[in-house]
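For the record, the sequence lines run as chains A and B. Residue numbering for the first sequence follows numbering that gives the first Met the number 0, beginning at 0 and increasing consecutively. Residue numbering for the second sequence follows numbering that gives the first Met the number 0, beginning at 0 and increasing consecutively. Where a beta carbon is used, it is the ideal one built from N, C-alpha and C, also for glycine.
There are 2 protein chains.
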Amino acid sequence: MAEKLHPKIDHGLPKESASFSGGTLVCLCTSKPVKVKIKGQIAHNHACGCTKCWKPDGAIFSVVAVTPHENVTVTENGDKLKVVDPSALILRHACTQCGVHMYGPVERDHAFKGLDFIHPERFEEDGWSPPGFAAFVSSVIESGVDPGRMAGIRAQLKAAGLEPYDCLNPVLMDVLATFAAKKSGALPA
Amino acid sequence: MAEKLHPKIDHGLPKESASFSGGTLVCLCTSKPVKVKIKGQIAHNHACGCTKCWKPDGAIFSVVAVTPHENVTVTENGDKLKVVDPSALILRHACTQCGVHMYGPVERDHAFKGLDFIHPERFEEDGWSPPGFAAFVSSVIESGVDPGRMAGIRAQLKAAGLEPYDCLNPVLMDVLATFAAKKSGALPA
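The structure is reproduced here in structure tokens:
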């Protein structure tokens, strides 16, 4: 039986539009939804298996991307937002009513500082850049997925065009290591 | 130019022998070398790019495998051994004279508890199981490798038959996640 990875993955990846210039993320509330305006196209969109990212009901993976913090503006009902875990690297701002994570800035000294993590499936508009890989795949076990399902899950991700990684992809892992190397002095700053 | 990954990788992987039943690890000291007897074949042998594993001179990667702790016996000059970092998960016992890590037990509550990490290139005998993948590849940047060399390094690992991962391989990452899931209660213990 096919696994329910994520609604935006299981029926073919969404199509990117060259004319997409941003849009509005909306939470799941039917009354007074939180709205967050995002300027420009998103980057590094990917499926994520970690236990912290917000996932729609029944999905094994989240779909999450980044955008520079200055491109993010809360436009409606921001009073419903609260940071899920103030000690986490990503300060996930969730709607306290429906639970959707609307944006998650990285403010700490880190390679990803200045970027906000968002869930593009909450865009009212189409045309955002589709996920390009799957990160933290083994971590879905920590959400209760039986290890015996992992071979099928990895195969299904690959078939969907998403190379599975148990951390981030090589591009981003190299970015993290380069940041660490510059900080330690192993590479010139 | 080809990268110097490791002497046991750059000239073709060593050949496993079905009759290998263990051997003796010897450090680099010409006088009073530390000797450690290992019973049986090693497991999960791999190239490792992390900054903590011992590497021979000029190598970008270490080659490291595991064996159950009960298969490890220090037979000569054990007084020269000292734990490199008592706070690390792997208690790397290094020769204080030549620096070679002779064995590294995991004693903490962890998926790898009861296993010792060893460097099979220090076996006096041939026939040990060759490396099967490359772990923590992006981490070599933290040792000062220019990020611009990473595409070449990953291609060279693949060509040598070692699939590159920026963490451990999927089998071991699933083992780690399963351990975490059983501990948290996400999976039955």
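Counting along the chain, where does the alpha helix (DSSP H) carrying Thr177(B) start and finish? Translated into the one-based positions of the second sequence, residue 177(B) becomes position 178. Segment 169–183, the alpha helix (DSSP H) holding Thr177(B).
What first and last residue would you give for the beta strand (DSSP E) that runs through Asp115(A)? The sequence position of residue 115(A) within the first sequence is 116, counting from 1. Note, Asp115(A): beta strand (DSSP E), 114–117.
Buried or exposed for Thr177(A), please, with buried defined as at least 16 other CB atoms from any protein chain shown within 10 angstroms of its CB. In the first sequence, counting from the first residue as 1, residue 177(A) sits at position 178. It counts as buried.
To the nearest angstrom, report how far apart Cys49(A) and Thr74(B) are at their CA atoms. Start at 1 with the first residue of the first sequence, and residue 49(A) comes out as number 50. Start at 1 with the first residue of the second sequence, and residue 74(B) comes out as number 75. Those two C-alpha atoms are separated by around 45 angstroms.
Exposed or buried, Gly103(A), counting other C-beta atoms within 10 Å across all chains shown (16 or more means buried)? For the purposes of this step, residue 103(A) is taken as residue 104 along the first sequence, with counting starting at 1. By the 10 Å Cβ count, Gly103(A) comes out buried.
Which residues of chain B have a Cβ atom closer than 9 angstroms to the Cβ of Arg191(A), listed in chain order? Examination of residue 191(A) is not possible in this model, given that chain A is present from 0 through 188 alone.
Beta-carbon gap between Val71(A) and Pro119(A) smaller than 8 angstroms: The residue labelled residue 71(A) in the question sits at position 72 within the first sequence. The residue labelled residue 119(A) in the question sits at position 120 within the first sequence. Result no, Cβ atoms of Val71(A) and Pro119(A) do not sit closer than 8 angstroms.
Between the C-alpha atoms of Cys47(B) and Cys28(A), what's the straight-line distance to the nearest angstrom? In the second sequence, the residue the question calls residue 47(B) occupies position 48. In the first sequence, the residue the question calls residue 28(A) occupies position 29. When rounded, the distance between both Cα atoms is 48 angstroms.
Would you kindly work out how many angstroms separate the C-alpha atoms of Gly131(A) and Ala159(A), rounded to a whole number? Counting from 1 along the first sequence, the entry for residue 131(A) is found at position 132. Counting from 1 along the first sequence, the entry for residue 159(A) is found at position 160. Rounded to whole angstroms, Gly131(A) to Ala159(A) spans 10 angstroms at the Cα level.
Let me make sure I understand the geometry here. Which of Ala58(A), Lys81(A), Thr95(A), His45(A) has the alpha-carbon closest to that of Thr66(A)? Reading the first sequence from its first residue, position 67 is the one you call residue 66(A). Out of Ala58(A), Lys81(A), Thr95(A), His45(A), His45(A) has the C-alpha closest to the C-alpha of Thr66(A).
How long is the line joining the alpha carbons of Val25(A) and Gly77(A), rounded to whole angstroms? Here the question's residue 25(A) lines up with position 26 in the first sequence. Here the question's residue 77(A) lines up with position 78 in the first sequence. Spanning the two alpha carbons is a distance of roughly 11 angstroms.
Contact with chain B by Leu186(A), beta-carbon distance below 8 angstroms: By 1-based counting over the first sequence, the position of residue 186(A) is 187. Yes, Leu186(A) lies at the interface with chain B (some Cβ there is under 8 angstroms from its Cβ).
Can you check which of these residues, Leu186(B), Val144(B), Val83(B), Ala185(B), is closest to Gly184(A) by C-alpha distance? Within the first sequence, numbered from 1, the residue matching residue 184(A) stands at position 185. Nearest of Leu186(B), Val144(B), Val83(B), Ala185(B) to Gly184(A), Cα basis: Val144(B).
What's the call for Pro163(A), buried or exposed, on a 16-neighbour Cβ count within 10 Å? Numbered from 1 along the first sequence, position 164 holds the residue referred to as residue 163(A). Buried, because 16 or more other Cβ atoms sit within 10 Å of the Cβ of Pro163(A).
Nearest residue (CA-CA) to Cys52(B), options Met101(B), Arg148(B), Asp165(B): For this step, residue 52(B) is matched to residue 53 along the second sequence. The candidate whose alpha carbon is nearest that of Cys52(B) is Met101(B).
Can you check whether the CB of Gln96(B) is closer than 8 angstroms to the CB of Lys112(B)? Residue numbering aside, residue 112(B) sits at position 113 when the second sequence is read from its first letter. Residue numbering aside, residue 96(B) sits at position 97 when the second sequence is read from its first letter. For Lys112(B) and Gln96(B), no; Cβs fall outside 8 angstroms.
Can the beta-carbon of Asp173(A) be found closer than 8 angstroms to that of Ser137(B)? Along the first sequence, one-based indexing puts residue 173(A) at 174. Along the second sequence, one-based indexing puts residue 137(B) at 138. Yes, the pair counts as a contact, with Cβ atoms nearer than the cut-off.
Contacting residues, own chain, Cβ-Cβ under 6 angstroms from Leu175(B) (five flanking each side not counted): Within the second sequence, the letter at position 176 stands for residue 175(B). Contacts found: Ala110.
Min CB distance Ala158(A) to chain B below 8 angstroms: Mapped onto the first sequence, residue 158(A) falls at position 159. Chain B contact via Cβ: absent.
Sorry if obvious, but does the Cβ on Gly48(A) come closer than 7 angstroms to a heavy atom of the ligand PLP? This structure simply doesn't include the ligand PLP, nor any ligand for that matter.
Answer with yes or no whether the minimum CB distance from Gly57(B) to chain A is below 8 angstroms. Indexing the second sequence from 1 puts residue 57(B) at position 58. No - not a single Cβ of chain A is within 8 angstroms of the one on Gly57(B).
Could you tell me which chain B residues have their CB closer than 7 angstroms to the CB of Leu172(A), listed as they occur along the chain? Locating residue 172(A) in the first sequence gives position 173, counting from the first residue. A quick correction: the sequence has Met, not Leu, at residue 172(A). Neighbours of Met172(A) on chain B, chain order: Ser137, Asp165.
Which residues of chain B have a Cβ atom closer than 7 angstroms to the Cβ of Pro146(A), listed in chain order? By one-based count along the first sequence, residue 146(A) stands at place 147. Chain B residues near Pro146(A): Asp173, Thr177.
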